[in-house]
Amino acid sequence: MRESPLADKRWKKSKEAEIFASWLKEKSWAKPTVKNRIWVVDTPPPYPSGKIHIGSAIHYSQIDMIARSWRMMGKPVWFPLGIDRNGLPIESRVEKDHKIKAHQVEREEFLEMCKKKLDEYEAYIIQTFQGLGISMDWDAPYRTDSPEYRIITQGTFIELWNKGLIYEAKRPNNWCPGCRTTLADAEIEYRSGKTKLNYIKFMLDDGTYIPIATTRPELLGACDAIIVHPDDDRFKHFVGKKVKIPLYDRKVEVLTHPEANPDFGTGAMMLCSYGDQTDVKLFNELKLTERLILEPNGTLNDGGGKYAGMHTKKARSQMIEDLEKNKLLEKSEEVEQQVPVCWRSKDDIEFVALPEFYLKQQAFIKDLRKISDEMEFHPQFMKQLLIDWMDRVSQDWPISRRRFYGTPIPLFKCKEHGFWAPESGKYYESWKEELPCPKCNKKCKGDHRVLDTWMDSSISPLYICGYKQDDAFFKQTFPSFVRPQGKDIVRTWLFYSLLRTFQLTKKRAFEHVWISGHVVDEHGKKMSKSLGNILYPMPMIEKYGADALRFQGASEAKLGSDIRLSEERVRGSGKFIQKIYNIARFVGMFEVATKKPATLHNTDKWILGELNTVIKKAITGYEDMDFFVPANTVKNFTWEIFAAHYIEMAKTRAYAGDQSALWTLNEALKAILKLLAPITPFVTEYTWSKLYGGSVHTQVMPVAFDVQTTKDTQKLLAFNEKLWSIKQEKGISLKDGIKAKIPGDLEAFADDLAAMHHLE
RNA sequence: GGGGCCGUGGUCUAGAUGGUUAUGACGUUGCCUUGACAUGGCAAAGGUCCCCGGUUCAAAUCCGGGCGGCCCCACCA
2 MRESPLADKR
12 WKKSKEAEIF
22 ASWLKEKSWA
32 KPTVKNRIWV
42 VDTPPPYPSG
52 KIHIGSAIHY
62 SQIDMIARSW
72 RMMGKPVWFP
82 LGIDRNGLPI
92 ESRVEKDHKI
102 KAHQVEREEF
112 LEMCKKKLDE
122 YEAYIIQTFQ
132 GLGISMDWDA
142 PYRTDSPEYR
152 IITQGTFIEL
162 WNKGLIYEAK
172 RPNNWCPGCR
182 TTLADAEIEY
192 RSGKTKLNYI
202 KFMLDDGTYI
212 PIATTRPELL
222 GACDAIIVHP
232 DDDRFKHFVG
242 KKVKIPLYDR
252 KVEVLTHPEA
262 NPDFGTGAMM
272 LCSYGDQTDV
282 KLFNELKLTE
292 RLILEPNGTL
302 NDGGGKYAGM
312 HTKKARSQMI
322 EDLEKNKLLE
332 KSEEVEQQVP
342 VCWRSKDDIE
352 FVALPEFYLK
362 QQAFIKDLRK
372 ISDEMEFHPQ
382 FMKQLLIDWM
392 DRVSQDWPIS
402 RRRFYGTPIP
412 LFKCKEHGFW
422 APESGKYYES
432 WKEELPCPKC
442 NKKCKGDHRV
452 LDTWMDSSIS
462 PLYICGYKQD
472 DAFFKQTFPS
482 FVRPQGKDIV
492 RTWLFYSLLR
502 TFQLTKKRAF
512 EHVWISGHVV
522 DEHGKKMSKS
532 LGNILYPMPM
542 IEKYGADALR
552 FQGASEAKLG
562 SDIRLSEERV
572 RGSGKFIQKI
582 YNIARFVGMF
592 EVATKKPATL
602 HNTDKWILGE
612 LNTVIKKAIT
622 GYEDMDFFVP
632 ANTVKNFTWE
642 IFAAHYIEMA
652 KTRAYAGDQS
662 ALWTLNEALK
672 AILKLLAPIT
682 PFVTEYTWSK
692 LYGGSVHTQV
702 MPVAFDVQTT
712 KDTQKLLAFN
722 EKLWSIKQEK
732 GISLKDGIKA
742 KIPGDLEAFA
752 DDLAAMHHLE
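If you're matching positions, the first sequence starts at 2 in the numbering used here and goes up one per residue.
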């Protein structure tokens, strides 16, 4: 017996910060210096938005569990931190905060404002992540807006440009009026809402009319044809005739096309440039005259006639009113509609044709499908999200954005020779640079546009592996070990990363892809401002500790399922953290027995046998990166069997100094601490270092003990519970003596059971 | 319209390859300061495992159909 090295009666959460500080000081997670394979985690670079959702906190904690557990399985893991700093949200933030519009100030000045804001938000991310105990390489964070990173982004652009995989084209595309930029299909979401389907009369000269149904009357000014189905007898006599566009003086022809569904609306539809993708397709197919009546800010231009200057929504209501006045509106009915919106600003998407750069992707789908089969998905079923998206890619990727805070497009335009790319390996701020044309030596202006931010984030697996920076490191690391990410960005980050990596290397980007679900509230509802159910990580950490939050994140749901979270649940997990501490405190009361005794007591053999099963199951879980398995397996064993039954049985021998009991207590505790270390890094580190010295995180995962797993567990538990129950019925204390017979098949544990229950 | 996931006590949840009293948490009730732990321990109450049919000696677990929920995808104006 001795004073337990764990003097405090309770686990103090304030220890977490001290422990983290010492990890930082020792640079515990620096880039491995080994000669062979290095296991690189392609961390999702968080975007500094000023807030951190508790879902992100759980998400990154789980990714940390991947890094920690694989380190403890003997792999040299590098877990870098990246910060995703390019893109629109920061621009909107700055515009709001300073009450300006980006194009109203000098570009240089605007960029500086964005950078300052990003730095501020970034510090908050780092503070939160460190509070969570995340074991990233804190000395070498990369930033996607740094010149070093942008050199690589631009370098890969130039490489693909030179290969002929990037081209410029003017075609109607998704346009976000709020963000004033073209968007890729992957950046579009759909919002369901009610809208009016208006039945409008297109008059013929003879006073008859053809009715068409539309949800977008504001585009009448861009109408260039009416179509009806070829087999639709109702409109046969209209085909080939000219009808007058309501509210406008122009006439358009009635054509036939199978795209018109006789069962929808009136069966006749108008084609306008551009109401939706169908319009885009048919304008092209029928060679109609394009009229672009929408301005980039979402208002109508002169093509809108007297509605010029109005925003589409205003124009719509005004025109409906005018149609009604002129008796050109048959009726309006409410319909349910899926409206495409911008995934960032949630503005309604318009279709606008502007010259943009495109990266070829359709031609690579076949190869990417093959590549997908070479990667292991955790969980397996998430692979379907990727396959589904690839099956639906219908056009090339528009990659240029008419914004400011992004990687400048490294292209220069010669009036005579067109666009050309400079040498890679240098950072080009093209929008303010001029270079001589390589053909005619005339000064060329750089392009003013920037790249879609997915163009830079999608090369993270290449960047961190040292692509075009450190060939030796690249050989040790590529393809990277694992891509962890949320399911919501499969069609963007995952798909684009695979595409870009394949185009540049002809290889898969990752060995493993790990995809997690969302964190939702305790009833499975999405956390949102309007529901008032949002939780933030820092208050939770301060109240219950990072270990409690992390354990909750690991034990609540299987990999890929949504994780339910509430303060109640986190508090519940905190109890288990305390339990671990109490068990360690108990074991610490005895001198550490490091020498294995020649023979082990049957009770000790039994618990080690049970522990063997737990070790095997937990490690299988870690290999599959599913922390639900180790978290719950180890917790149940530790609490329900090891603490509740084994410790009580072995206690008397422990106090008597029995070496078999003491050795077993220590070895079992060590195994438990190691198995839990990736999930609850703080309490395990503290107790391990106090009892055994050093860090639990540099240990390797436990291996099975040399004992047979017995079938005694259920019988032992039943016997103990029976006696506890009897004592309760009799109203006597647990320490009181009782007469009872030990069943024959528990004879091997007779002495421990007799001592535990005070059998007479 | 297509696809995915799912439907287990008041609430939430576990349950490869079908097998005796269906797991755990939170909550509820009762007892207990037992030489780690009262922010604890022990015990107890509480379930038609969504419904119908099938396969089987045996189904929460497999198959078919239905009902319901969540999510993703999709150009029906």
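Built from N, CA and C at the ideal position, the CB exists for glycine as well.
- The beta carbon of Pro173 sits closer than 6 Å to the beta carbons of Tyr275, Val281, Phe352 and Ala354 from its chain, once the five residues preceding and following it are set aside; these are given in chain order.
- CA-to-CA, the gap between Gly447 and Phe80 works out to about 37 Å.
- Contact annotation: Gly546 and Lys14 have beta-carbon atoms nearer than 8 Å.
- A residue is called buried when at least 16 other Cβ atoms come within 10 angstroms of its Cβ; Ala651 meets this threshold and is buried.
- Here the alpha carbon of Asp368 sits roughly 28 Å from the alpha carbon of Leu560.
- In the pairwise beta carbon analysis, the stretch 664-679 is classified as touching the stretch 630-648: at least three pairs are separated by under 8 Å.
- Here Ala223 has Cys273, Ser274, Arg292, Ile294 and Gly304 as same chain residues with Cβ atoms under 7 Å from its own Cβ, once five neighbours each way along the sequence are excluded.
- In the DSSP assignment, the residues bridged to Tyr168 are Tyr359.
- Sequence-distant Cβ neighbours of Leu289 in its own chain, meaning closer than 8 Å and more than five residues away, are Asp225, Ala226, Leu272, Ser274 and Leu283.
- If only complete runs of 4 or more residues are kept, the stretch 334-421 shows the alpha helix (DSSP H) at 366-373 and 384-393, in order along the chain.
- Here Leu198 is near Thr216, since their CB atoms are less than 8 Å apart.
- Scanning its chain for C-beta atoms nearer than 8 Å, with the 5 sequence neighbours on each side dropped, one finds around Lys716 the residues Pro744, Asp746 and Leu747, in chain order.
- The Cβ atoms of Gly134 and Pro682 sit closer than 8 Å to each other.
- Here the stretch 503-512 makes no contact with the stretch 534-542; the two share fewer than three CB pairs at distances below 8 Å.
- Note on geometry: alpha-carbon atoms of Pro380 and Ala364 lie some 28 Å from one another.
- Contact between the stretch 180-197 and the stretch 240-256 is absent, with fewer than three C-beta pairs closer than 8 Å.
- Around Cys115, the same chain offers Ile91, Glu92, Val95 and Tyr406 as residues with beta carbons nearer than 7 Å, after the five sequence neighbours per side are excluded.
- When DSSP reads this structure, Ala226 sits in a beta bridge with Glu254 and Leu272.
- At a cut-off of 4 residues, the continuous stretches assigned as alpha helix (DSSP H) that sit fully inside the stretch 31-80 are 55-73.
- Sequence-distant Cβ neighbours of Thr614 in its own chain, meaning closer than 7 Å and more than five residues away, are Thr710.
- Rounded to whole angstroms, the separation of the alpha carbons of Lys16 and Ser401 is 49 Å.
- By the C-beta criterion, the stretch 99-117 is judged not to be in contact with the stretch 31-38, since fewer than 3 inter-stretch pairs fall below 8 Å.
- With 16 or more other Cβ atoms inside 10 Å of its own Cβ, Ser481 counts as buried.
- In its chain, beyond the 5 residues on either side, Asp522 and Met528 have a beta carbon closer than 6 Å to the beta carbon of Asn534.
- The C-alpha of Lys164 lies about 11 Å from the C-alpha of Thr157.
- Under the 10 Å beta carbon count, Met2 is surrounded by fewer than 16 other beta carbons and is classified as exposed.
- The three-state secondary structure of Gln504, taken from DSSP, is helix.
- The C-beta separation of Val483 from His519 comes to about 20 Å, leaving the pair out of contact by the 8 Å criterion.
- For the pair Thr653 and Ala756, the CB atoms are nearer than the 8 Å cut-off.
- Looking at Ile201, Glu160, Ile152 and Tyr191, the one whose alpha-carbon comes closest to that of Gln338 is Tyr191.
- Here DSSP, grouped into helix, strand and coil, assigns Tyr464 to helix.
- Around the beta carbon of Asp605, 16 or more other beta carbons lie within 10 angstroms, which makes this residue buried.
- Excluding its 5 nearest sequence neighbours in each direction, Gly75 has C-beta neighbours in its own chain below 6 Å: Val701, listed in chain order.
- Asp374 and Phe503 have their alpha carbons spaced roughly 14 Å apart.
- Of all alpha-carbon atoms in Phe203, Asp713 and Phe720, the one lying nearest the alpha-carbon of Lys243 is that of Phe203.
- For the alpha helix (DSSP H) assignment, the uninterrupted runs of no fewer than 4 residues enclosed by the stretch 659-696 are, from N- to C-terminal side, 660-677 and 682-693.
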